[in-house]
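Just so you know, we're using our numbering here: the sequence shown kicks off at 2 and counts up by one.
Below: one structure, written as structure tokens.
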Amino acid sequence: MVTSLLVVIVVLALLFDYTNGFHDAANSIATIVSTKVLTPFQAVLMAAVFNFAAYFFIKDHKVANTVSKIVLEHYVTLHVILAGLVAAITWNLFTWWFGIPSSSSHTLIGGFAGAGMTNALYMGANALQAVEMQYVLKIIAYIVLAPFIGLIIAYVVTILILHLCKTARPATAERWFKRMQLVSSAALSFAHGGNDAQKVMGILYVSLIASKVIQPGTAMPEWIPLACYSAIAAGTMSGGWKIVKTMGSKITKVTPLEGVSAETAGAITLFITERFGIPVSTTHTITGSIIGVGLTKRVSAVRWGVTINLVWAWIITIPISALIAAGVFALLHFFA
């Protein structure tokens, strides 16, 4: 029974990684598509290649380690993990269908934490005892900090570029920035793969521990990162055109120069947070970067009504995912 349930969890985890890919594809290709540097197909193909390329270069898996420790080992069971995954996939598909660029990362984290806390209640403990608060508080802090860091970096990079290119001919500069967008978009896709694939790696790793296939502290089996990077790249190939429209045009009108700035800022932010093992939202980060670019023109260049709606989606993602996971876990517990 444990073996079959573990197989189901592995399949669902990789399915979530796949949905993460097409849900978050817009993060790395929205600006390059909206500026018409690449066609949508060319953009998703490039993004998928660089999503997977992270597998060959990122080997420390610090983000995966953080995710695996969100729920304390005593409260982690296969049913907890299953409930968290079902909740995460449900919310991911719901927000994708309605074109809402919510965070796949926070969906997974909210689902895992919600199921773990519910299990603690069934075990007669305080719900908060089930989660490692230092990791949870860090994740909550970066809901605010990640987009703000992206915003600041994008603003500074855009101002620097404008200053350095103030004597350049507009047509020449436009041509060069379109070429540079290929590099900046590739860097963002690489950073996205390196950060987001690790979250599912952490879930799969803790699943193997919960099912006693491996012991705590054992090195992560190599098939886990290979499978996760493959799944997220396949998902990216499927695209996410509804969210591309929101990210690429509804927040602010983006030129190739501004696309380079936003993508560069997003990639830098993700590289920094991955280095410190912080599972931030790629969606939040690139949205903050696009807003930062818009602010270099004027405050009114940013469509704040759309931005406020996005912020509300961010705020409710973790609690709603946690509630869905709590409901799923209760059902599993009832029928178990």
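Beta carbons are placed, not taken as given, at the ideal position from N, Cα and C, and that holds for glycine.
Next item on the list: Whole angstroms is fine: what's the gap from Phe277's alpha carbon to Ile71's?
Entry: Numbered from 1 along the sequence shown, position 276 holds the residue referred to as residue 277. Numbered from 1 along the sequence shown, position 70 holds the residue referred to as residue 71. Roughly 16 Å separates the two Cα atoms.
Next item on the list: Quick one: give me the first and last residue of the alpha helix (DSSP H) that Phe191 is part of.
Entry: Here the question's residue 191 lines up with position 190 in the sequence shown. It spans 171-211 - the alpha helix (DSSP H) in which Phe191 sits, taken as one unbroken run.
Check: Going along the chain, which residues of its own chain have a beta-carbon closer than 7 Å to the beta-carbon of Phe178, five neighbours each way excluded?
Finding: Mapped onto the sequence shown, residue 178 falls at position 177. So the qualifying residues of the chain are Pro257, Leu258, Val261.
Note to self: Cutting at 8 Å between CB atoms, please list the residues of its own chain near Thr78, excluding the five before and the five after it.
What the structure shows: As a working note, residue 78 is residue 77 in the sequence shown. Answer for Thr78: Asn120, Ala211, listed in chain order.
Check: To the nearest whole angstrom, what separates the beta carbons of Ile153 and Gly293, a pair I think is in contact under 8 Å?
Finding: For the purposes of this step, residue 153 is taken as the residue at position 152 of the sequence shown. For the purposes of this step, residue 293 is taken as the residue at position 292 of the sequence shown. Their Cβ separation, rounded to whole angstroms, is 7 Å, which keeps Ile153 and Gly293 in contact under 8 Å.
Check: Cβ of Ala155 within 8 Å of Cβ of Ser29?
Finding: For this step, residue 155 is matched to residue 154 along the sequence shown. For this step, residue 29 is matched to residue 28 along the sequence shown. Going by C-beta atoms, Ala155 is not nearer than 8 Å to Ser29.
Margin query: Within 10 Å of its beta-carbon, does Phe17 have 16 or more other beta-carbons around it, so buried, or fewer, so exposed?
Written below: Stepping through the sequence shown from its first residue, residue 17 is reached at position 16. So Phe17 ends up on the buried side.
Item checked: DSSP three-state assignment for Pro320, whether helix, strand or coil -> Mapped onto the sequence shown, residue 320 falls at position 319. Note: Pro320 maps to helix in three-state DSSP.
Checklist line | CB contact flag (Ala128, Ser322, <8 Å) | finding: As a first step, residue 128 is located in the sequence shown; it is residue number 127 there, counting from the start. As a first step, residue 322 is located in the sequence shown; it is residue number 321 there, counting from the start. It is not a contact, given that the beta carbons lie outside the stated cut-off.
Next item on the list: Decide yes or no for the touch test of the region 4-22 against the region 223-238: beta carbon pairs closer than 8 Å, at least 3 of them.
Entry: yes
Check: Is the beta carbon of Asn21 less than 8 Å from the beta carbon of Ile233?
Finding: Stepping through the sequence shown from its first residue, residue 21 is reached at position 20. Stepping through the sequence shown from its first residue, residue 233 is reached at position 232. It is a contact, given that the beta carbons lie within the stated cut-off.
Next item on the list: May I have the straight-line CA-CA distance separating Thr36 from Ala187, to the nearest angstrom?
Entry: As a working note, residue 36 is residue 35 in the sequence shown. As a working note, residue 187 is residue 186 in the sequence shown. So the two alpha carbons sit approximately 15 Å from each other.
Note to self: By the DSSP assignment, the alpha helix (DSSP H) with Ile339 in it spans what residues?
What the structure shows: This structure does not reach residue 339, given that the chain is present from 2 up to 337, and the question cannot be answered.
Checklist line | Per DSSP, the bridge partner or partners of Val137 | finding: The count along the sequence shown starts at 1 and reaches residue 137 at position 136. Answer is none; Val137 lacks a bridge partner.
Notebook entry, point to check: Excluding five sequence neighbours on each side, which residues of the same chain lie with their C-beta closer than 6 Å to the C-beta of Thr96?
Noted result: For this step, residue 96 is matched to residue 95 along the sequence shown. Closer than 6 Å at Cβ, skipping near neighbours: Ser103.
Item checked: Cβ distance (whole Å) where Thr67 is taken to contact Tyr143 below 8 Å -> For the purposes of this step, residue 67 is identified with residue 66 of the sequence shown, where counting begins at 1. For the purposes of this step, residue 143 is identified with residue 142 of the sequence shown, where counting begins at 1. Not quite, the Cβ-Cβ distance comes to about 11 Å (not below 8 Å), so this is no contact.
Note to self: Applying the 10 Å Cβ sphere with the 16-neighbour rule, what's the burial state of Val34?
What the structure shows: Reading the sequence shown from its first residue, position 33 is the one you call residue 34. The residue in question, Val34, is buried, as its Cβ has 16 or more Cβ neighbours within 10 Å.
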